Amino acid sequence: MSIALTILGCHSATPRKNAFPTSQYLEINNSHFLIDCGEGTQRQMRKYKVGFSKINHIFITHLHGDHFYGLVGLLATFGILNREKELHIYGPKGIKEVTLLQLRVSQSHAKYKMIFHELTSKESELIFEDDKVSVTTIPLNHRVYTNGYLFTEKQKPRKLNMLNISGYPDIDKADYLNIKAGKDVVLPSGEVVSNLELTIPADKPLSFAFCSDTCYKPDIVPIIKDVDLLYHEATFLADREDLAKKTKHATTKQAAEIAKQANAKQLIIGHYSGRYKDINVFRAEAQEIFKHTHLAEPGKVFKV
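Number 261 in the UniProt record's numbering belongs to position 261 of the sequence shown; there are no gaps in the numbering.
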């Protein structure tokens, strides 16, 4: 089990010479997800060698341009590449209408099926689940309806306790699959050996939470409690808390406080305002509260 998060874009508002709006590529438990799709996302995907064909699920947090203006271009490119696999797109109500309108007016033809999952709930809800990963919404507080997303690996079966198993000569390798499946073992003598004696707990499932855009919202802490990797927007430095409140964004220290309260293992901050030239001060401020803070930067890969 592992997580690899590639930062494609991490700045706010508008694209700039060396700064791209929000987009991230997540690999978790051999599943692949695109989170937000700001302008220039597909250029960044090519630059950092993100395979287009691996993307079957795209999660859009909200309908501000710096988080989804790259979507229709990517969908059109999928059509040009003769994609055939269906594509699932998750986002606020309205995302289907605006996307299909652009594709229709531009006469962008696609052979593949697009399945839109429009979100309206203001409560956390499970929106995707398979045998590897589950995805739950994180209701955020921004100027428009916004959700973050919590990606969690499915719990793996318990592991074989070979030391204990070796104490039972009658247990054969042929029994291992049943033991992994949680079954007890009946010995030739009729003795029943508990599965708990023959196994040990599997590793804790890994998780990643994406929280942007939002103002300081401690209500999300129970949803992301003990998360392994947390991305939380930090548009402003701490001295502009007034502006953060007005625009419903967060500061460095507010993001760090959320990470601390949630007992996150690592924090990544991003969505930097264009007013700042040196982003290193963002990390310094956040680390005053939460030591394990990292800066989102294009091309940077975070692994757990």
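Where a beta carbon is used, it is the ideal one built from N, C-alpha and C, also for glycine. This structure is a prediction, so every number in the text was calculated from the model and none was measured.
{"Query": "Can you have a look at PRO169 and say buried or exposed, based on whether 16 or more other CB atoms are within 10 angstroms of its CB?", "Result": "exposed"}
{"Query": "On the three-state DSSP scale, how would you describe GLU27?", "Result": "strand"}
{"Query": "Report buried or exposed for ASN30, applying the criterion of at least 16 other Cβ atoms within 10 angstroms of its Cβ.", "Result": "exposed"}
{"Query": "What are the uninterrupted segments assigned as alpha helix (DSSP H) that are 4 or more residues long and contained completely in the segment 173-254, given in chain order?", "Result": "176-180, 195-198, 221-224, 241-247"}
{"Query": "So the candidates are GLY190, VAL185, GLU191; which of them puts its Cα closest to the Cα of LEU198?", "Result": "VAL185"}
{"Query": "So, helix, strand or coil for LYS300, using DSSP?", "Result": "coil"}
{"Query": "By Cβ distance below 7 Å, which residues in the same chain neighbour ASN141 in space, the five residues on each side in sequence not counted?", "Result": "THR214, CYS215, LYS217, LYS248"}
{"Query": "From the DSSP output, read off the bridge partner residues of LYS159.", "Result": "ILE200"}
{"Query": "Quick one: residues in its chain with C-beta nearer than 6 Å to the C-beta of LEU187, no 5 flanking neighbours on either side, listed in chain order?", "Result": "ASP170"}
{"Query": "Per DSSP, what are the beta-bridge partners of MET45 in this structure?", "Result": "MET45 pairs with nothing; no bridge assigned."}
{"Query": "Suppose you measure from the CA of ALA4 to the CA of LEU230; what does that come to, to the nearest Å?", "Result": "13 Å"}
{"Query": "Per DSSP, ARG16 is paired with what?", "Result": "ALA19"}
{"Query": "According to the Cβ coordinates, are GLU288 and ALA256 closer than 9 Å?", "Result": "yes"}
{"Query": "For the candidate residues ILE279, GLN107, LEU100, whose alpha-carbon lies nearest to that of ILE268?", "Result": "ILE279"}
{"Query": "For THR137, which three-state DSSP category applies?", "Result": "strand"}
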